[in-house]
Amino acid sequence: MTTQPQQIGGGRRMLGDFAPKLAELTDDVLFEDVWNRTELAARDRSLITVAVLVAGGDADQLRFHLGRAKENGVTETELIEAITHLAFYAGWPKAMTAITTAQQVFSA
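Numbering follows UniProt numbering, with no gaps: position 16 of the sequence shown is 16.
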């Protein structure tokens, strides 16, 4: 497997004072451990994560993970195509919310 960028969470920065345990789990378990496991490339993890967030209608988290996906080598074209594909499996309204979110993230 090729070398990939170290995945780092921002839980402590964002939530450390308000929800320290959630921040700790985000940084130390989710990002430091799970995201950095070598059995799956960060690019693939990003595509999976984006798909689940689209399917769940989680626009706030999707905003962050679209940016993370780009950092991990997924192109905007690929992300748009993934969202289009998901319209038929996750539902049209969720895909429309996701594509609007992507448009905002990509134009920022």
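We treat Cβ as the ideally placed atom computed from N, Cα and C, and that holds for glycine. As the structure is a computational prediction, the values presented were derived from the model and not from experiment.
Proximal residues to residue i (C-beta, below 6 angstroms), its chain only, five neighbours per side dropped
i, result
"Asn72", "Ala42, Arg43 and Ser46"
"Ala59", "Thr97 and Thr101"
"Gln61", "Leu53"
"Glu76", "Phe106"
"Val29", "none"
Sequence-distant residues of the same chain with beta carbon closer than 7 angstroms to residue i, five excluded per side
i, result
"Gly57", "Lys94 and Thr97"
"Ala87", "Ala95"
"Val74", "Arg43, Ser46 and Leu47"
Proximal residues to residue i (C-beta, below 8 angstroms), its chain only, five neighbours per side dropped
i, result
"Arg63", "Thr101, Gln104 and Val105"
Residue i CB to nearest heavy atom of the ligand COA below 7 angstroms
i, result
"Tyr89", "Because no ligand of any kind appears in the structure shown, any question about the ligand COA cannot be addressed here."
Residue i, DSSP secondary structure in three states
i, result
"Phe18", "coil"
"Glu39", "coil"
"Asp33", "helix"
"Asp58", "coil"
"Thr75", "coil"
"Gly10", "coil"
"Met1", "In this prediction, Met1 scores a pLDDT of 47, lower than 50, which makes its location untrustworthy; the coordinate-derived value is nonetheless stated afterwards. Three-state DSSP puts Met1 in coil, outside helix and strand."
Expected contact under 8 angstroms - CB spacing of residue i and residue j to nearest Å
i, j, result
"Val50", "Ala82", "6 angstroms"
Span of the alpha helix (DSSP H) around residue i
i, result
"Thr100", "Trp92 to Ser107"
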